[in-house]
Amino acid sequence: MKELYLDPMKANISMNLRHFSPYIVLFAAISVLAACAAGNAAKRMPTENSLLWEITGKGLEKPSYLFGTIHAIGESDFFLREEVKNTFANAERLVMEVKIDEPGLQASMREKMIMSDGQSLDQLLSAAEYEKLKAFMREKAGMPELMYNKVKPMFVQSFIYPSMIGEPMKSYETVFSEMATEAEMDIMGLETVDEQLSYVDQISLEDQLEMLMQGVDDFDGQLGEWKQMVSLYVSEDIAGLSGLISEESKEYKKFEKKLLGERNKNWISRIGTHVRAEPSFIAVGAGHLGGKNGVISLLRKEGYELRALK
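The numbers in the numbering used here rise by one with no breaks, and the one at position 13 of the sequence shown is 846.
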């Protein structure tokens, strides 16, 4: 902790992280951009409205379960069906996108969030744009510029989420992690924190800045899309979520392959390793489930049987 007192920027970022689940930061940086390819309907594509799926077949002796999360949601919208609790109790390990209690998580995030070579937003934006950003961050996030000026633009967006949600937030990943700890279940990750955060660095600072300022200029539109996403999530409409994200992503098509498609494909063999080892409860962002390149379709392509549990 001594290093925090030697570097005011790292100290302020560390203070910010105390108020944000790591998943909220990653959600803004990655999930908002994740896209599900539209394509034509195929037999492997899920059509049922459900966030919870049973995984069987391919020689599995016991079923495992796949659940779609939303990484940050208001307390009033948070829900867990009894079926979800029951299937969780039947599992012997919890598998999430990343293990949120991974040693060094906060330190890794703090380091990865800061721009390299002393770069800062006031240098990269025009004077008029930076003044607009400062006013926006004061109004929507209540933050002075010292807390975000040297932070990568994609991560700056995460500090706005509490204002969009408008009430105390909950994280499914945090809740599941607490449930697993209480049940003395193993907790695993499909990716390391560094691996997940590295996807942000594959987007140029110029593109990150453009998207940040688009969010500043159209906060009401962004808020409307957020509310629509939450409504679809509460309805467990994974096809609708897939379509919504796909529509949003047309502007960011060049990021789709890395942020969603490539990650989904990488997860399939890792999910297979977990479900063969012991019955697992796998919790990933709901935007990863649907579509022809979604986790459900890809698991079916590998020979697993997936059944919606309603």
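The beta carbon of each residue, even a glycine, is placed where N, CA and C say it ideally should be.
By the criterion of at least three beta-carbon pairs nearer than 8 Å, the region 978-989 is in contact with the region 952-962. Residue environment: T902 is assigned as buried (16 or more neighbouring CB atoms within 10 Å of its CB, all protein chains considered).
When the beta-carbon positions are compared, K985 and Q1029 stay at least 9 Å from each other.
Across the structure, E1024 and V1117 are spaced so that their CA atoms are roughly 11 Å apart. Here DSSP, grouped into helix, strand and coil, assigns G1105 to helix. Between the C-alpha atoms of P995 and D1051 there is a straight-line separation of about 17 Å. By the neighbour-count criterion, in which a residue is buried when 16 or more other Cβ atoms sit within 10 angstroms of its Cβ, R971 is exposed. Of the candidates S897, G937, E1095, the residue whose Cα lies closest to the Cα of F921 is S897. Cβ contact annotation for L1077 (same chain, cutoff 7 Å, sequence separation greater than five): Q1061, M1062, L1065, in chain order.
Each residue's CA atom was taken as its position, placing R1133 and Q939 some 36 Å apart. Around the C-beta of L913, fewer than 16 other C-beta atoms lie within 10 Å, and the residue is accordingly described as exposed. Under the 8 Å Cβ criterion, the region 1014-1022 does not count as touching the region 958-971, having fewer than three qualifying pairs. The beta carbon of N1097 sits closer than 8 Å to the beta carbons of H1121, N1126, G1127, V1128, L1131 from its chain, once the five residues preceding and following it are set aside; these are given in chain order. For secondary structure counted as the beta strand (DSSP E) over 3 or more consecutive residues, the region 1026-1063 holds no complete run. The beta-carbon separation of I1115 and F900, rounded to 7 Å, stays under the 8 Å limit for a contact. Under the rule that a run must span 4 or more residues, the alpha helix (DSSP H) segments found entirely inside the region 907-958 read 915-923, 938-946, 954-957.
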